[in-house]
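Here is the structure we will look at.
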Amino acid sequence: MAFDVKLTSLLTGATPSQLERWRTLSVLVPETRAKRPPLYSFRDLVALRTMVFLRAQTSGQRLARAFGTMDLLALTEHPSAYRLGTDGDTIVVQDPDTQQPVDLVRNPGNAVHATFADVFRSFENFRGQPVVDFQRPSEHLTVNLRTLGGWPTVQNTRVPYDLVAQLVDNESVFPADVTELYPNVSAAAAQDAVDFSAKVAAI
2 MAFDVKLTSL
12 LTGATPSQLE
22 RWRTLSVLVP
32 ETRAKRPPLY
42 SFRDLVALRT
52 MVFLRAQTSG
62 QRLARAFGTM
72 DLLALTEHPS
82 AYRLGTDGDT
92 IVVQDPDTQQ
102 PVDLVRNPGN
112 AVHATFADVF
122 RSFENFRGQP
132 VVDFQRPSEH
142 LTVNLRTLGG
152 WPTVQNTRVP
162 YDLVAQLVDN
172 ESVFPADVTE
182 LYPNVSAAAA
192 QDAVDFSAKV
202 AAI
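Add 1 to the 1-based position in the sequence shown for the working numbering, that's all there is to it.
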């Protein structure tokens with residue numbers, strides 16, 4: 002599944018300008034398509050979400066340095082494969098072999114004590130703006146890699162949010178009418194899909 006810049010931005014909390022900067026600096030280049038227009042993979046979204054979480058607590062320079070250090074330490078899998086954390090002073094990665102946190106900024110390569118936060122939960126970015134819960138971006142929508150490759154769907158269904166939003170024009174089709182086509186999609190869920198689609202479009 003490929004995610005465009007707007008949906009990627011809403012689900013990860015990275016602004017379109019941050020995404021462009023990280024592409025330009027090769028901090029994170031989209032797996033699916035790098036340019037014209039860029040398309041991100043689900044793994045990219047997980048990595049970006051982590052980056053935004055880290056950026057909320059530390060500087061962009063430290064973030065870039067941490068990713069550079071990962072290359073030096075031969076941690077070259079996709080960034081989503083690693084668990085990263087910060088205490089605000091440095092950035093650490095969980096060593097995939099020892100499971101110990103390793104410093105990436107202050108004392109690169111050294112083991113440290115650290116805790117790792119759940120970056121999938123809602124948090125505030127470095128501007129103090131809320132970032133949606135990744136697995137539950139709105140009341141009636143869910144994101145699960147096993148369902149349509151991680152595309153946001155109406156909860157407990159395989160119905161994509163954008164399909165519902167396209168149906169509802171509030172002239173010939175209203176949210177309450179969607180249940181006639183998709184019995185498991187309530188009027189509230191249909192309205193939620195419409196509202197979510199509007200947030201994506203507004204980015």
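We put the CB at the ideal spot given by N, CA and C, even for glycine.
In this text, all values refer to a predicted model and were calculated from it rather than measured experimentally.
Note down, in chain order, each residue of its chain lying with its Cβ closer than 6 Å to the Cβ of Gln58, except the 5 sequence neighbours on either side. Closer than 6 Å at Cβ, skipping near neighbours: Thr87 and Gly89.
Buried or exposed by the 16-neighbour rule on C-beta atoms within 10 Å, applied to Leu182: Result: exposed.
Quick check on Leu208: does DSSP put it in helix, strand or coil? With the chain covering only 2 through 204, there is no way to say anything about residue 208.
Suppose you measure from the CA of Asp163 to the CA of Ser198; what does that come to, to the nearest Å? When rounded, the distance between both Cα atoms is 6 Å.
Keeping to the same chain, check which residues put their C-beta closer than 6 Å to that of Leu8; ignore five residues upstream and five downstream. Only Val201 meet the Cβ criterion.
Can you list, in chain order, the residues of its chain with a C-beta nearer than 7 Å to that of Thr13? Leave out the 5 residues immediately preceding and following it. Result list for Thr13: Leu46, Leu49, Arg50 and Val53, in chain order.
Since Val113 and Pro102 should fall inside the 8 Å C-beta cutoff, what is the C-beta to C-beta distance between them, to a whole number of angstroms? Indeed they touch by this definition, with Cβ atoms about 5 Å apart.
Using a threshold of 7 Å, state whether the C-beta atoms of Asp111 and Asp104 are closer than that. Note that residue 111 is Asn in the sequence shown here, rather than Asp. Yes, the Cβ-Cβ distance between Asn111 and Asp104 is below 7 Å.
Quick check on this structure: which residue in His79, Ala177, Leu142 and Leu85 has the alpha carbon closest to the alpha carbon of Val155? Comparing alpha carbon positions, the residue from His79, Ala177, Leu142 and Leu85 closest to Val155 is Leu142.
What is the DSSP secondary structure of Ala112, reduced to helix, strand or coil? Reduced to three states, the DSSP call for Ala112 is strand.
DSSP on Ser42, reduced to helix/strand/coil? Correct three-state label for Ser42: coil.
Span of the alpha helix (DSSP H) holding Gly61? Per DSSP, the continuous alpha helix (DSSP H) segment holding Gly61 begins and ends at Gly61 to Leu73.
Identify which residue in Ala67, Gly69 and Ser10 has its Cα closest to the Cα of Phe43. Among Ala67, Gly69 and Ser10, the Cα nearest to that of Phe43 belongs to Ser10.
Hey, Val169 and Ala191: beta-carbon distance below 7 Å or not? Contact: yes.
Is it the case that the Cβ atoms of Pro17 and Val28 are separated by a distance below 7 Å? Result no, Cβ atoms of Pro17 and Val28 do not sit closer than 7 Å.
Return yes when the Cβ of Phe117 is within less than 7 Å of the Cβ of Arg84, no when it is not. Against a cut-off of 7 Å, the Cβ pair of Phe117 and Arg84 comes out as a contact.
Gly61 to Ala82 span [Cα, whole Å]: For Gly61 and Ala82, the distance between alpha carbons rounds to 21 Å.
Using the rule of at least 16 other Cβ atoms within 10 Å of the residue's Cβ for burial, across every protein chain shown, is Asp98 buried or exposed? In summary, Asp98 is exposed, with fewer than 16 beta-carbon neighbours lying within 10 Å of its beta-carbon over all protein chains present.
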